[in-house]
Amino acid sequence: MEFLIDRLPLYLGGAWVTVQLTVGGIALAFVLAMFFGVLGTARSGLLRAVSTVYVEVFRGIAALVLMFWMAYALPLLTGFQLDGRFAAILAVGLNVGAYGAEVVRGAINAVPRAQTEATIALDMSWAQRMRLVILPQAWAQMLPTFGNLSIELMKATAVAFLIGVADITAVAEQMRQATGETVLAFSGALILYFLIAQVLIFGVRLLERRANRRLGRTPPGGRGLLALLRPPALTTSGGAK
Amino acid sequence: MPPSDAQALITFDQVVKRFGDLTVLDHLDFSVAPGERVTLIGPSGSGKTTILRLLMTLERVTEGTIMVEGEPFSHMPRGDRLVPANEAYLSARRKRIGMVFQQFNLFPNMTVRKNLTEAPVHVLKLSRAEADARAEELLELVGLSDKIDAHPTQLSGGQQQRVAIARALAMRPEILLLDEVTSALDPELVAGVLDVLRTIAETTDITMLCVTHEMGFARDVSHRVLMFDEGRIAEEGTPDEIFGDPREERTKSFLKSVLDNGH
Amino acid sequence: MIWDFEWTWQVMPDLMQGLAVTVQATVFGYLIALVLGLAIAMVRRVPVIGTIVHAVMEFIRTTPLLVQLVFVFALAPSTVSALTVGIVVLGVHYSAYTAEVYRSGIEGVPKGQWEAARALSLPAGRTWGAVVLPQAIRKVIPALGNYLIAMFKDTPLLLAITVTELLATARQVGSAGFRIVEAYTVVGFLFLLVSIPSAILIRRLERRYAAV
Chain A
-8 MEFLIDRLPL
2 YLGGAWVTVQ
12 LTVGGIALAF
22 VLAMFFGVLG
32 TARSGLLRAV
42 STVYVEVFRG
52 IAALVLMFWM
62 AYALPLLTGF
72 QLDGRFAAIL
82 AVGLNVGAYG
92 AEVVRGAINA
102 VPRAQTEATI
112 ALDMSWAQRM
122 RLVILPQAWA
132 QMLPTFGNLS
142 IELMKATAVA
152 FLIGVADITA
162 VAEQMRQATG
172 ETVLAFSGAL
182 ILYFLIAQVL
192 IFGVRLLERR
202 ANRRLGRTPP
212 GGRGLLALLR
222 PPALTTSGGA
232 K
Chain B
5 MPPSDAQALI
15 TFDQVVKRFG
25 DLTVLDHLDF
35 SVAPGERVTL
45 IGPSGSGKTT
55 ILRLLMTLER
65 VTEGTIMVEG
75 EPFSHMPRGD
85 RLVPANEAYL
95 SARRKRIGMV
105 FQQFNLFPNM
115 TVRKNLTEAP
125 VHVLKLSRAE
135 ADARAEELLE
145 LVGLSDKIDA
155 HPTQLSGGQQ
165 QRVAIARALA
175 MRPEILLLDE
185 VTSALDPELV
195 AGVLDVLRTI
205 AETTDITMLC
215 VTHEMGFARD
225 VSHRVLMFDE
235 GRIAEEGTPD
245 EIFGDPREER
255 TKSFLKSVLD
265 NGH
Chain C
-17 MIWDFEWTWQ
-7 VMPDLMQGLA
3 VTVQATVFGY
13 LIALVLGLAI
23 AMVRRVPVIG
33 TIVHAVMEFI
43 RTTPLLVQLV
53 FVFALAPSTV
63 SALTVGIVVL
73 GVHYSAYTAE
83 VYRSGIEGVP
93 KGQWEAARAL
103 SLPAGRTWGA
113 VVLPQAIRKV
123 IPALGNYLIA
133 MFKDTPLLLA
143 ITVTELLATA
153 RQVGSAGFRI
163 VEAYTVVGFL
173 FLLVSIPSAI
183 LIRRLERRYA
193 AV
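Residue numbers (the numbering used here), protein chains in the order written: chain A, -8 to 232; chain B, 5 to 267; chain C, -17 to 194.
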């Protein structure tokens, strides 16, 4: 224990980098997921095809391959060296964004057709319909899977260590080489990752409760703060990394 | 009634609607005068609801044209020809039409107030204050003033439907389409909704097209009743003619079956 | 920068060898995940032990595979090959996911099926083997398939523990020949070549078997 306490500042430094990668990645993935997810519900076949290409390409390539390509191939092609952290954020964001786009598309399509008809009867434009009616309703359905995806993204940021970013994993590896204390060095890293995941789970739960309340539903798992601490249910389709 | 009627607000001219091989409307001609309240009755699948959905632009005609206020509605002029209307053309014209659905279709992500004010604010560009005032006034009309900040899920079916009626009226439509608005309600909630509609019929001059199985209501509020069968008008007349002395055998048997079902 | 087709063609055999290692790791890792996941899903129904197992699997599921790989590889005796370590860690990590999939399938079997098995006095083995699992697994085949693809895309992580799978091979031949762009781009395409057809296959499966 003392081993870890002595080195806590180092670990926290690594954790701070991991948090940056996670937050940056989630922000990018969210924007991409919303954009390509909404595009995937367009009436125009061309727009839908654009969405499909993004989803299939970036879902199909491993985040690590993507990151190596950004970190090592892109500078040779463009002469522009990406910061390692930026390359990692791009890689995990593009990858998870592709999964997220499918979630968004599915959630929009799951909003009953009758809701769209009601917006037509009120003469809302496409943009008004999406913003005021469809997306707010789809949001509650997206959130649980978004929660799982955000944890997958957080885990995926560990690959940044392989291109020299000083995240939690890098600190642990450094500790191991310096001290030979393999078990302690890596346990510390795993616990930090676990804690970050718990924060993400808790945050998404809060969002879910708010979203369900807005739809006039009782949140699954019941009311009360304790319900937030219950372990998350894993959605079994589409939510894979 | 001839489709070229200069007085007509709505005119269907040889309208055909097919879904695949199924012909729902078969060369239909009829028109509705301004302020007229018309009830469409007939067995299910006879095309009544499709007429409302065509007017609400939820469906497109297969053949024929629909005119509203003497202007093409299903089609738009391009040069000297009529082509199927595009979204922008429809959007400009359907503002004067409102619809109430069988399943209410309130927005579950909004309170009652928001349900009533979002479209007026964003579509009609009313100020929040104006929209709020209109919402409050309409909720009073439907007898739900105390529910303005409630959530749709907290309301009974009958209350939800009254909110849906208020929502449609908030757009100040000239034409109101009512699609089996009491069919999804428990029997004891039907009367409240019908009372609201009676009040609207008595106090406004909104043109109403109403698909219903409530024959008593149809008799009270409508000027004219159209009996549909297999995509065509089987018989039409005043409520007294249709309900008191139907000529067609199909009308008689339909009315009998509805009465037997306890309506 | 001009794309060097000749070089790309020359290193193809090397890359194919790397791909073979990747496929090997995926297949064996997946077998572990399928079997272990099922065992975990069944054990989870046992009081106390089930809760503990669940907590452990949650920990595994919410922490990075990469760290787990490097960790276990550092502890493993040198007689065990890196590839073996990689396969085992992949398999255990993914059993945390497959266990949840099986669980949802098992919970989806109507209570009446358990009761009918009891009414027939079927032994536990037959109840699971002949009644519950055949119904549960059929429904979760597409979801399990999704994790096969996910696992395939996680195998590049094995390069961190010196396994020369596809990406590691590309790194080697790419830096040796100063052809980094070609090397990594080809790897990207090889991944798409495998994942897109498998995604289409899964979608077919989803249509065929009822979704969970």
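Just so you know, even glycine gets a beta-carbon here, dropped at the ideal spot from N, CA and C. The model shown is predicted, which means the values in this text are computed figures rather than measured ones.
Q. Where does E218(B) sit, in a helix, a strand or coil, going by DSSP?
A. Taking the second sequence and counting its residues from 1, one reaches residue 218(B) at position 214. Residue state, collapsed to three classes: coil.
Q: Could you tell me which residues DSSP puts in a beta bridge with P76(B)?
A: Sequence index remark: in the second sequence, residue 76(B) carries index 72 (1-based). According to DSSP, P76(B) bridges with M71(B).
**Q.** 8 angstroms Cβ cutoff met for L30(A) and S42(A)
**A.** Position 39 of the first sequence, counted from the start, is the residue given in the question as residue 30(A). Position 51 of the first sequence, counted from the start, is the residue given in the question as residue 42(A). Using a Cβ distance threshold of 8 angstroms, L30(A) and S42(A) count as a contacting pair.
Q: Look up T211(B) in the DSSP assignment and give the residues it is bridged to.
A: Your numbering for residue 211(B) matches position 207 in the second sequence. Answer is I179(B), bridged to T211(B).
Q.
Which same chain residues end up closer than 6 angstroms to I162(C) when comparing Cβ atoms and leaving out the 5 residues on each side of it in sequence?
A. The count along the third sequence starts at 1 and reaches residue 162(C) at position 180. Sequence-distant partners of I162(C) (beyond 5 residues in either direction) whose C-beta falls short of 6 angstroms from its own C-beta, in its chain, are G156.
Q: Return no unless some Cβ of chain C is closer than 8 angstroms to the Cβ of L181(A).
A: Here residue 181(A) is taken as the residue at index 190 of the first sequence, counted from 1. Yes, its Cβ sits closer than 8 angstroms to a Cβ of chain C.
Q. Roughly how many angstroms lie between the CA atoms of A193(C) and G90(C), to the nearest whole one?
A. Counting from 1 along the third sequence, the entry for residue 193(C) is found at position 211. Counting from 1 along the third sequence, the entry for residue 90(C) is found at position 108. Summary for A193(C): the model assigns pLDDT 49, below 50, so the residue's position carries little reliability; its value from the coordinates is reported in the next sentence. Their backbone Cα atoms lie some 11 angstroms apart in a straight line.
Q: Can you pull the chain A residues whose beta carbon is under 7 angstroms from the beta carbon of K99(B), in chain order?
A: Position 95 of the second sequence, counted from the start, is the residue given in the question as residue 99(B). Going along chain A in sequence order, the residues near K99(B) (Cβ under 7 angstroms) are D114.
Q) Does the beta carbon of P156(B) sit closer than 8 angstroms to a beta carbon anywhere in chain A? A) Locating residue 156(B) in the second sequence gives position 152, where the first residue counts as 1. Interface residue, yes.
**Q.** Endpoints, beta strand (DSSP E) assigned at F105(B)
**A.** Translated into the one-based positions of the second sequence, residue 105(B) becomes position 101. Segment: none, F105(B) is in no beta strand (DSSP E) and carries neither H nor E.
Q: Classify T43(A) as helix, strand or coil using the three-state DSSP reduction.
A: Residue numbering aside, residue 43(A) sits at position 52 when the first sequence is read from its first letter. DSSP places T43(A) in helix when its eight states are reduced to three.
Q | Contact set between F59(A) and chain C, taken where Cβ atoms lie within less than 7 angstroms | A | Working through the first sequence from its first residue, we reach residue 59(A) at position 68. Those are L149 and Y166, listed as they occur along chain C.
Q. So, are the CB atoms of P76(B) and L62(B) less than 8 angstroms apart?
A. Numbered from its first residue, the second sequence carries residue 76(B) at position 72. Numbered from its first residue, the second sequence carries residue 62(B) at position 58. It is not a contact, given that the beta carbons lie outside the stated cut-off.
Q: Pick out whichever of L48(C), Y129(C), A64(C) and P46(C) has its Cα sitting closest to the Cα of G19(C).
A: Walking along the third sequence from the start, residue 19(C) turns up at place 37. Considering only alpha carbons, the answer is Y129(C).
Q | Beta-carbon neighbours of Y2(A), restricted to chain C and to distances below 9 angstroms | A | As a working note, residue 2(A) is residue 11 in the first sequence. Under the 9 angstroms cutoff, chain C gives no residues; its nearest Cβ is about 13 angstroms from Y2(A).
Q) When you compare only the Cα positions, how much space is there between E184(B) and R202(B)? A) As a position in the second sequence, residue 184(B) is number 180, starting the count at 1. As a position in the second sequence, residue 202(B) is number 198, starting the count at 1. C-alpha separation (whole angstroms): 15 angstroms.
Q. Is T45(C) buried or exposed, if buried means 16 or more other CB atoms sit within 10 Å of its CB?
A. Position 63 of the third sequence holds residue 45(C). It is buried - the Cβ of T45(C) has at least 16 other Cβ atoms within 10 Å.
Q: Compute the Euclidean distance between the alpha carbons of I187(A) and P105(C), then round it to the nearest angstrom.
A: On the first sequence, residue 187(A) is found 196 positions in, with the first residue counted as 1. On the third sequence, residue 105(C) is found 123 positions in, with the first residue counted as 1. Their backbone Cα atoms lie some 45 angstroms apart in a straight line.
Q. Can you give the beta carbon distance from I159(A) to L191(A), rounded, assuming they're within the 8 angstroms contact cut?
A. On the first sequence, position 168 is the one that residue 159(A) refers to. On the first sequence, position 200 is the one that residue 191(A) refers to. Contact doesn't hold; Cβ gap of about 15 angstroms is too wide.
Q: Would you mind giving the Cβ-Cβ distance between Q165(B) and L189(B), rounded to the nearest angstrom? I have them listed as a contact below 8 angstroms.
A: Here residue 165(B) refers to the residue found at position 161 of the second sequence. Here residue 189(B) refers to the residue found at position 185 of the second sequence. At roughly 7 angstroms, the Cβ-Cβ gap stays under 8 angstroms, so Q165(B) and L189(B) are in contact.
(Q) Taking contact to mean 3 or more Cβ pairs, one atom from each stretch, closer than 8 angstroms, check whether the region 129 to 144 of chain C and the region 5 to 21 of chain C are in contact. (A) yes
Q: Establish whether the CB of K232(A) and some CB of chain C are separated by less than 8 angstroms.
A: What you label residue 232(A) is simply residue 241 of the first sequence in a count that begins at 1. Caution applies to K232(A), whose pLDDT of 43 falls short of 50 and renders its modelled position unreliable; the value that the coordinates give is listed next. Chain C contact via Cβ: present.
Q) Is D17(B) buried or exposed, if buried means 16 or more other CB atoms sit within 10 Å of its CB? A) Residue numbering aside, residue 17(B) sits at position 13 when the second sequence is read from its first letter. When all chains shown are included, D17(B) counts as buried.
Q.
Using 8 angstroms as the threshold, is the C-beta distance between V36(B) and L13(B) below it?
A. The sequence position of residue 36(B) within the second sequence is 32, counting from 1. The sequence position of residue 13(B) within the second sequence is 9, counting from 1. Going by C-beta atoms, V36(B) is nearer than 8 angstroms to L13(B).
Q: Can you have a look at D(-3)(A) and say buried or exposed, based on whether 16 or more other CB atoms are within 10 angstroms of its CB?
A: Looking up residue -3(A) in the first sequence gives position 6. The residue in question, D(-3)(A), is exposed, as its Cβ has fewer than 16 Cβ neighbours within 10 Å.
Q: Between the Cα of T43(B) and those of S257(B), V229(B) and A205(B), spot the shortest distance and give me the residue it belongs to.
A: As a position in the second sequence, residue 43(B) is number 39, starting the count at 1. Per the Cα distances, V229(B).
(Q) Please classify G235(B) as buried or exposed, where buried requires at least 16 neighbouring CB atoms within 10 angstroms. (A) The residue given as residue 235(B) occupies position 231 in the second sequence. By the 10 Å Cβ count, G235(B) comes out buried.
Q: With DSSP collapsed to three states, give me the class of N113(B).
A: The count along the second sequence starts at 1 and reaches residue 113(B) at position 109. Correct three-state label for N113(B): coil.
Q. Residues in the region 50 to 65 of chain B with C-beta within 9 angstroms of chain A's C-beta atoms, listed in sequence order?
A. The residues in question are R57, M60, T61 and L62.
Q. So, does the CB of P66(A) fall closer than 8 angstroms to a CB anywhere in chain B?
A. Position 75 of the first sequence, counted from the start, is the residue given in the question as residue 66(A). By this cut-off, P66(A) is not an interface position.
Q: Measure the Cβ-Cβ separation of A151(A) and G75(A) and say whether it is below 8 angstroms.
A: Position 160 of the first sequence, counted from the start, is the residue given in the question as residue 151(A). Position 84 of the first sequence, counted from the start, is the residue given in the question as residue 75(A). A contact, by the Cβ cut-off of 8 angstroms.
Q) N109(B) and A105(A): beta carbons closer than 8 angstroms? A) In the second sequence, the residue the question calls residue 109(B) occupies position 105. In the first sequence, the residue the question calls residue 105(A) occupies position 114. Yes.
Q: On a CA-only basis, which of T146(C), V169(C), A78(C) and R43(C) is nearest Y184(A)? Give me that one, please.
A: In the first sequence, residue 184(A) corresponds to position 193, counting from 1. Among T146(C), V169(C), A78(C) and R43(C), the Cα nearest to that of Y184(A) is on R43(C).
**Q.** Boundaries (first-last residue) of the alpha helix (DSSP H) holding L29(B)
**A.** Indexing the second sequence from 1 puts residue 29(B) at position 25. No alpha helix (DSSP H) holds L29(B); the beta strand (DSSP E) holding it covers L26 to V36.
Q: Please classify M133(A): does DSSP put it in a helix, a strand, or coil?
A: Locating residue 133(A) in the first sequence gives position 142, where the first residue counts as 1. Three-state result, M133(A): helix.
(Q) For the region 118 to 139 of chain B, list every residue whose C-beta sits within 8 angstroms of some C-beta in chain A, in sequence order. (A) E122, A123, H126 and V127
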